[in-house]
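Chains as they are written, first to last, in our numbering: chain L, 1 to 504; chain S, 1001 to 1311; chain H, 2001 to 2264.
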């Protein structure tokens, strides 16, 4: 009976695809088929201004757009806005809104919606919502207003050329209060349904202003973990799944294409610079030389990750300091010597606190523990829940070391801003006047070439001081069912479903 | 009747105590819903503001009182993580878990009684030894291991089971029932083994009692004795045992939902503990405790009704 | 003395096998349990690695040996906490009764109402992850069943003539409880402990499957099984070794306790 049911399902599926073949692919009104994407992280919120998890951003990218939108090369292009002008003193952005941009509920986007959305993100009083995680980069904004129906003006209290990268902030209808359960945006797909712990479904938005996606419907199925999804992948019930281990992906190569990309993270063994042995820069340097980054890369992703030597990932190509990658080559003997000179000839012990839900970081930690044994340093892993990690490690700075990956906005300075001596999220307690000066110069610089000079200086300072043990930008391994094309890796957390289509 | 009243009061006190302990536990755990929702790039002030807005800053007794008043009005509050009413949220997940639990209990009931009987027919006979060994294996297999094995054999090798095939009963009731069958087996096997063994032992013990010998000596045929006396007396303690199994079935479903990616209460519980979503956790704990306490109490009352010797 | 049933002998053999491996594992393993080798990643069983290697190229035999001893230690301590605390509470409340008994039994019912896994989950969420906390959490979860068994048996013993006589003879009731009555509960306790031990091994495996308990890189049978799940198809040996090990231990214990019951 079961077997029979299974056959019937198969047949009905082929009928469905058969139909869509007959009507042809692509173009408005045609049925471009359905796709099932496997994910292992439930969405933390459907409200784009409340959501903070990278996995959620990845999905919501398809539903929401800002004034501007990121592309696969790391540029920001006009979206809800048609164009913008930045004043010469870099104190005023003037946006001209695009005509005919519709919300998923059919209403046209008005200037007041844009003003409301930006104010809500910036934490302005007249659009205040305590659950919104205020974008700290918006603290330079002094005023947001619309002089007429087609224009939105953002005035700043200090010159800033990087704000544009943050204006990907989602535009949502003013006064709509069901964003958290029934989200409405302007993106190529519209929200269809969400069942916590089970699935998130979206459909093609027929009135999208830009190139309409080929796919008719995309279902994100939420699995408890990738192990639970594996049988589904083997049976071919999932079309796309990302964040897989290389060994797992390799088992699937008969039916799937394997795509290698990067997560766009700075993965590091972050050291609390206020913790006793790590107060000494030589101790930190010794750890940098004792950790075998190649081994971590090999163990975790068979060498598909990209090694880094400072606080910027290679995806930010304009400012990435390539020459720092091998600043500290793997050399346990030299590390031991350094430790001896620092007064730790017999080594020392410390605890690495890692959020338990991030398996790659836990696995990296296991390799690090083995690496450090060779220089007489005893590291112990402590696994804690993500919430506890946020409270104790990230905000409370009550930890000795941790393994985590930091992501960033595409704004060149974003990934580096936490290392400023006074930064609220400077969780490694790094202090350097030279860094602070270089960073300030970078923010104020006008052109990207000028910025690159200062930001590379920043990276150099981080590396020379061995602020932490920078490891790699880990490999993001994705399987895409054969017959589907258009998977496009981005330099930020994005899973762009609008480009994916069936072949032919 | 006075006994029932006394039990009822005890039941309510127990539930209140359990819910308070849950509340208290949540004030000790590092991290709260506000930090969790705000994520990495929020400032201290923002988190504080959200905490204030969510009412997390109030004294634990105030919060407990507020929650208790809500519960008395059948209002379990709103999930801090999902912004959905807790009843609605749990209600949706309960469809999966209830189906799973129901099918497991059904499997246990349908199989345990005949297996136990067969086994007890001829103690230490070939059939008995065979069934007993099977129950031993059933009790010894870790549940998740059994789940993994079933998935691979039925799903990957034989293609008769679809791992992520959970559908909600409203969409397709047949598919819902048939999908849950394999996870239900996984949950049922250890309890089924225990129940079978328990039943067998009860019958065997009963058989050795004097009244059975007397009955047999009087010339009553074996089948009649079995159905009229032994079975009746053996089933009474088994009833209590079955009530205790209900709690274990729920516990089993926590792990099982993880293995089979079933969007049930167990997975919601694990997710809500790590999200620090205490309205959801409190509600689930309360539901579970209520379920268990009520079934136990019912079994107890029933036991007294059937067996006049106890009072 | 009755002959031991065959199943009990099989059980003893199985348990002894695991115990011997575990004890040897405490002092010696063929390889360093945590030594990694990329070139050996997920290699099949061979002469040098009889059980194969895992996703870090670590020797599975060595890890299974230490994993078994760690499961053993955790299960033993868990049952010890449950049995000792449970017996003391159960014996005292059962013998003396009164208000304390009523209150404690309420608490016990409340605890017993919860599935053990749930109690352990909450306790670990509060106290943090780790081997010691897992032992405490599981230990607490195991108390109620022992209280129930001992208290029930105590109520029966209390009504027996020898206890009534003792009551008449002496006033030292604590002495009566622990020296005179408790030894008579040893048969009941022994079988509870055996079953409890089996449950403890299973619970430990279940908790490590959920990622709670022994922290990596130290081996644990449950965690090995859960990691092995990713490699089921092309490296099944990773799952087989710890799976068989757990089964031999729990099944062996089951056979032993079953054999004992039959003898009674």
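All C-beta atoms in this analysis are idealised placements derived from N, C-alpha and C, irrespective of residue type, glycine included.
query: Other residues of its chain near residue 19(L): CB distance less than 6 Å, five sequence neighbours each side excluded; result: Unreliable positioning characterises residue 19(L) in this predicted model, as indicated by a pLDDT of 36, which lies under 50. A coordinate reading is not provided.
query: is_contact[residue 1162(S), chain L] using C-beta, thresh 8 Å; result: yes
query: C-alpha distance - residue 1190(S) paired with residue 1124(S), whole-angstrom precision; result: 22 Å
query: Proximal residues of chain S, C-beta to C-beta of residue 432(L) below 9 Å; result: Chain S residues near residue 432(L): none, gap ~22 Å exceeds 9 Å.
query: CB contact below 8 Å: residue 2142(H) versus chain S; result: no
query: Buried versus exposed, by CB contacts within 10 Å (16 or more), residue 2231(H); result: buried
query: One or two residues paired with residue 92(L) in a DSSP bridge; result: 155(L)
query: Local Cβ density within 10 Å of residue 2062(H), reported as buried at 16 or more and exposed below that; result: buried
query: Inter-residue Cα distance where the pair is residue 2121(H) and residue 1187(S); result: 19 Å
query: Residue 188(L) to residue 1195(S) span [Cα, whole Å]; result: 56 Å
query: Residue 143(L): first and last residue of the uninterrupted beta strand (DSSP E) it sits in; result: 141-148
query: Any chain S beta carbon closer than 8 Å to residue 493(L); result: no
query: Span of the beta strand (DSSP E) around residue 267(L); result: 266-271
query: Min CB distance residue 224(L) to chain H below 8 Å; result: no
query: Identified DSSP bridge partners for residue 449(L); result: Residue 449(L) pairs with nothing; no bridge assigned.
query: Bounding residues of the beta strand (DSSP E) (the contiguous stretch that carries residue 379(L)); result: 378-384
query: Burial state of residue 2169(H), where buried means 16 or more other Cβ atoms lie within 10 Å; result: exposed
query: Beta-carbon proximity of residue 38(L) to residue 229(L), cut-off 8 Å; result: yes
query: Interface partners of residue 479(L) on chain S, CB under 7 Å; result: Going along chain S, no residue has its Cβ under 7 Å from residue 479(L), so there is no contact; the nearest lies around 15 Å.
query: In DSSP terms, what residue 190(L) is bridged to; result: 203(L)
query: Span of the alpha helix (DSSP H), counted from its first residue to its last, around residue 2199(H); result: 2186-2209
query: Within chain H, partners of residue 1142(S) - CB distance below 7 Å; result: 2202, 2205, 2206 and 2246
query: Beta-carbon spacing of residue 80(L), residue 50(L) below 8 Å; result: no
query: Min CB distance residue 2049(H) to chain S below 8 Å; result: no
query: Chain-ordered chain H contacts of residue 1153(S) [CB-CB under 9 Å]; result: Those do not exist, as residue 1153(S) stays about 11 Å from chain H at its closest Cβ, beyond 9 Å.
query: Neighbour list for residue 369(L) in chain H, Cβ cutoff strictly below 7 Å; result: 2217
query: Spatial distance of residue 346(L) from residue 2031(H) (CA atoms); result: 25 Å
query: Residue ranges of each alpha helix (DSSP H) within the stretch 52-103 of chain L, 4 or longer; result: 54-60
query: Proximal residues of chain S, C-beta to C-beta of residue 388(L) below 7 Å; result: 1030 and 1031
query: Beta-carbon proximity list for residue 475(L), same chain, < 7 Å, skipping 5 on both sides; result: 260, 262, 301, 304 and 305
query: CB contact check: residue 202(L) to chain H, cutoff 8 Å; result: no
query: Alpha helix (DSSP H) segment containing residue 2027(H), residue limits; result: 2006-2027
query: Stretch pair the stretch 2244-2254 of chain H + the stretch 1151-1170 of chain S: three plus CB contacts closer than 8 Å; result: no
query: The stretch 227-238 of chain L: positions lying closer than 8 Å to chain H by Cβ; result: 227, 230 and 234
query: Top-ranked residue by Cα proximity to residue 348(L), from 376(L), 177(L), 399(L) and 325(L); result: 376(L)
query: CA-to-CA distance, residue 201(L) to residue 22(L), given in whole angstroms; result: Note on residue 22(L): pLDDT 33, under 50, position unreliable in the model; no value is reported.
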